[in-house]
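Worksheet: one structure, shown below.
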Amino acid sequence: MARYAHITGWGMAVPERVLTNHELAQMVDTSDEWIRSRTGIGERHIAAPNESTATLAVEAAIKALTVANLAPDQVELIIVASATPEHIFPATACLVQDRIGAVKAGAFDLSAACSGFVYGLNMAAQAIRTGSMNNALVIGAETLSKFTDWEDRNTCVLFGDGSGAFVLQGSDEPGGILSAVLRSDGSGGDLLIVPAGGSHLPASTETVKNRQHLIQMNGREVFRFATRVMAQATREAVQAAQLTMDDIKFVVPHQANKRIIENAANQLEISLERCLINLERYGNTSTASIPIAICEAAEDGRIQPGDRLVMVAFGAGLTWASLVAQWSGPFPTKHKVYPAWYRVWARVSSLMRRFRRHVEGLIWGTKEQG
Ligand code: COA
5 MARYAHITGW GMAVPERVLT NHELAQMVDT SDEWIRSRTG IGERHIAAPN
55 ESTATLAVEA AIKALTVANL APDQVELIIV ASATPEHIFP ATACLVQDRI
105 GAVKAGAFDL SAACSGFVYG LNMAAQAIRT GSMNNALVIG AETLSKFTDW
155 EDRNTCVLFG DGSGAFVLQG SDEPGGILSA VLRSDGSGGD LLIVPAGGSH
205 LPASTETVKN RQHLIQMNGR EVFRFATRVM AQATREAVQA AQLTMDDIKF
255 VVPHQANKRI IENAANQLEI SLERCLINLE RYGNTSTASI PIAICEAAED
305 GRIQPGDRLV MVAFGAGLTW ASLVAQWSGP FPTKHKVYPA WYRVWARVSS
355 LMRRFRRHVE GLIWGTKEQG
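According to my numbering, the sequence shown holds residues 5 to 374 in order.
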């Protein structure tokens with residue numbers, strides 16, 4: 005029997021601190037008028053020093069599990085898509101796994117920049133469809149503010165921090181993720197890049213001095229690329245699901261620039277009302293932008309079970325991706341679970357595992373020395 009991967013839970017988190025265009029205008033040579041007219045962005049959320057990609061990911065994950073009424077120990081796979089992971093390694097997904105108490109989950113990070121959440125949803129859906137697992141958590145989480153060059157007006161006005169998470173669950177009922185299109189073009193890798201900190205250009209005083217650990221972008225080229233692929237990828241995913249644009253309630257575009265979204269809507273010959281747009285309040289949150297837009301629409305009732313959506317994203321790589329999903333909502337369950345409570349136990353058991361490792365290290369260390 006065919007298996008289907010349904011979206012049964014969703015959650016989002018953004019830092020409390022809001023940075024307005026007016027504040028930015030005091031930091032670099034720009035204005036609220038310029039940013040709004042060229043991008044559609046009005047403000048963005050910025051992580052506090054004690055917030056990171058993992059902390060935002062954990063918050064969104066717990067909310068998504070609460071909506072799905074799924075206990076963390078039932079999760080079998082965690083994918084964190086991020087352009088701003090906690091470390092080069094370990095994977096941010098493993099830190100999330102530990103902090104939410106997902107004791108039976110495999111966990112890995114996915115690097116496809118702003119397209120990462122759509123890539124991740126498709127990977128998790130494929131795993132569920134094969135029947136090898138039933139419950140997966142896909143998270144898009146970013147603290148782009150920590151990689152932003154706050155002296156570069158070409159980029160610092162665009163980005164914001166946040167996270168969004170979906171729970172995917174398997175069922176024999178048709179629905180859920182219906183099709184996906186994943187693409188890349190590495191010849192444009194230099195158009196949007198953090199040049200240093202990897203094996204190509206390891207960290208040195210020189211790289212820090214040259215600000216090479218921060219985001220660099222050719223805005224015009226990225227803009228041209230985005231307008232070329234958005235509508236095309238949307239059409240391909242709809243066709244692959246054997247649907248037409250009339251079957252689609254909302255297009256959920258990556259929230260990078262309102263003019264890019266308008267251009268895509270024009271090419272698709274759909275009204276802007278059929279696009280979910282919230283970048284005015286969040287800026288570009290990369291992998292988190294699509295799940296945050298969907299969370300808001302699901303929470304205020306614009307998205308209802310049975311509605312079909314196209315998610316379409318583009319980003320560094322270059323990468324782009326689109327996906328058609330039929331909205332499901334939580335599966336019926338017998339007992340209420342409280343995923344947030346697992347965090348306390350997860351913390352205790354994590355400390356216990358660390359302690360055991362420490363003690364074992366002392367014992368084995370002594371033996372070896374002896
Ligand atoms: N405030 C004021 N002026 C600014 C500015 C800012 N924040 N940023 C750039 N400018 C200036 C430029 O220096 C340029 O000046 P010049 O003509 O004297 O050189 C002028 O505005 C116009 O620059 P241009 O690049 O043509 O503007 P644009 O209309 O293309 O808008 C972007 C710039 C970055 C908003 C736009 O190219 C864009 O959104 N690109 C896609 C970026 C993106 O989405 N990246 C993330 C992908 S996931």
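C-beta: ideal position from N, C-alpha, C; glycine also.
Going by beta carbons, threonine 231 and isoleucine 264 fall inside the 8 angstroms limit.
As computed with DSSP, alanine 169 is found in a beta bridge with Gly15 and Ile143. Arginine 360 is classed as exposed because its beta carbon has fewer than 16 other beta carbons within 10 Å across all chains shown.
In the structure shown, the three-state DSSP call for arginine 306 is coil. By DSSP's assignment, threonine 24 forms a beta bridge with Glu47. Taking proline 309 as the centre and dropping the five residues before and after it, the same chain places the C-beta of Trp331, Ser332 and Gly333 closer than 7 angstroms to its C-beta, in chain order. The DSSP-derived three-state label of phenylalanine 229 is helix. Close CB contacts of valine 32 within its chain, under the 7 angstroms cut and outside five residues either way in sequence, are with Glu155, Arg157 and Cys160 (chain order). Between valine 100 and valine 122, the C-beta spacing is not below 8 angstroms. Not one heavy atom of ligand 1 lies closer than 7 angstroms to the C-beta of glycine 179. In the DSSP assignment, alanine 61 forms no beta bridge with any residue.
Not one heavy atom of ligand 1 sits closer than 7 angstroms to the Cβ of tryptophan 324. Take glutamine 78, set aside five residues on each side of it, and the residues of its chain with a beta-carbon closer than 6 angstroms to its own are Asn139, in chain order. Of the other Cβ atoms in all chains shown, fewer than 16 fall within 10 Å of the Cβ of threonine 248; this residue is therefore exposed.
Using a 10 angstroms sphere on the CB of serine 208, the tally of other CB atoms stays under 16, which defines it as exposed.
DSSP places threonine 323 within a strand segment (E or B) once states are collapsed to three. If you look at phenylalanine 93, you'll find it isn't in any beta strand (DSSP E); DSSP assigns it neither H nor E. Between ligand 1 and methionine 31, a heavy atom-to-CB distance of less than 7 angstroms is absent.
Secondary structure within the region 240-271: the beta strand (DSSP E) runs of 3 or more consecutive residues, fully enclosed, are 254-257 (chain order).
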